[in-house]
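A.B. asks: Okay, handing you the structure first.
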Amino acid sequence: MSSAILIPIVGIGIVALWVAWLFNSLVGLRNRLRGAWGDIDAFLKRRADLIPGVVAAVRGYAAHEERTLEGVTAARTTAMLAGGGPEGTASRAAAENTLTQRLNQLMALVEDYPDLKASTNFLQLQEELTETENHIANARRYYNAVVRDYNTRRETFPNVLISALLGFAPGEFFELTDLAQREAPDVGTTEPE
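Sequential numbering from 0 applies to the sequence shown in numbering that gives the first Met the number 0.
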């Protein structure tokens, strides 16, 4: 073979290898992104499962605070019905932000009821909720790191020239819109008085 024919063949081979590498690396990152979202989703479901118990415990001591309790329940329902998956993080984040606000209101309400704060059942639920909130925060950080890596890989040159053609859409960060919500709800355990 002449070198005039060999050079284009080698060039095409290099481009084909680069496209294959890019495709495979983006698939790997997209799968990590989906797995990270699955972790967040599992913890959010766990939190949603704990909320009815917390509401029931508070209702037993503070039945006249029905508006706050209904707000938490409604926010929980909205969060559970919000968009799921890495493609719907904005709507899910908004719903979870509202739920976090309502949980903060509920926990502020608890401060007015010393008997409730001393209840073994409530303390156990509060501890589980605190642990779950910490898991959510950690999972959110990991998910956002994976989104960052994925978006960086797909948006850097020369990858940006072909990543969209290969069907790789940008990843959405799971962001909190209110700076006050960047902290987990204050559901820390309280000492019985």
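We treat Cβ as the ideally placed atom computed from N, Cα and C, and that holds for glycine.
1. Report the three-state DSSP secondary structure of aspartate 111 (helix, strand or coil).
2. Where does the unbroken alpha helix (DSSP H) through proline 7 begin, and where does it stop?
3. I believe valine 57 touches valine 109 by the beta-carbon criterion, under 8 Å. Please report the beta-carbon distance rounded to the nearest angstrom.
4. If the criterion is Cβ atoms closer than 9 Å, does the pair phenylalanine 42 and alanine 138 meet it?
5. Just reading off the alpha helix (DSSP H) that histidine 134 is part of, what are its end residues?
6. With 16 as the cutoff for other CB atoms within 10 Å, does glutamate 182 come out buried or exposed?
7. Below 9 Å between beta carbons: does that hold for leucine 165 and leucine 105?
8. Do leucine 160 and leucine 49 have their CB atoms nearer than 9 Å?
C.D. replies: According to the structure data:
1. For this step, residue 111 is matched to residue 112 along the sequence shown. Collapsing the DSSP output to three states places aspartate 111 in coil.
2. The residue you call residue 7 lines up with position 8 of the sequence shown. That run of the alpha helix (DSSP H) goes 2-60.
3. Position 58 of the sequence shown, counting from 1, holds the residue named residue 57. Position 110 of the sequence shown, counting from 1, holds the residue named residue 109. A Cβ-Cβ separation of about 6 Å places valine 57 in contact with valine 109 under the 8 Å criterion.
4. Working through the sequence shown from its first residue, we reach residue 42 at position 43. Working through the sequence shown from its first residue, we reach residue 138 at position 139. The Cβ atoms of phenylalanine 42 and alanine 138 sit closer than 9 Å to each other.
5. In the sequence shown, counting from the first residue as 1, residue 134 sits at position 135. 119-154 is the extent of the alpha helix (DSSP H) around histidine 134.
6. The residue labelled residue 182 in the question sits at position 183 within the sequence shown. Only weak support exists for where glutamate 182 lies, its pLDDT of 49 falling under 50; the value from the coordinates is given anyway. Glutamate 182 should be labelled exposed.
7. In the sequence shown, the residue the question calls residue 165 occupies position 166. In the sequence shown, the residue the question calls residue 105 occupies position 106. With a cutoff of 9 Å on beta-carbon distance, leucine 165 and leucine 105 are scored as not near each other.
8. Indexing the sequence shown from 1 puts residue 160 at position 161. Indexing the sequence shown from 1 puts residue 49 at position 50. No.
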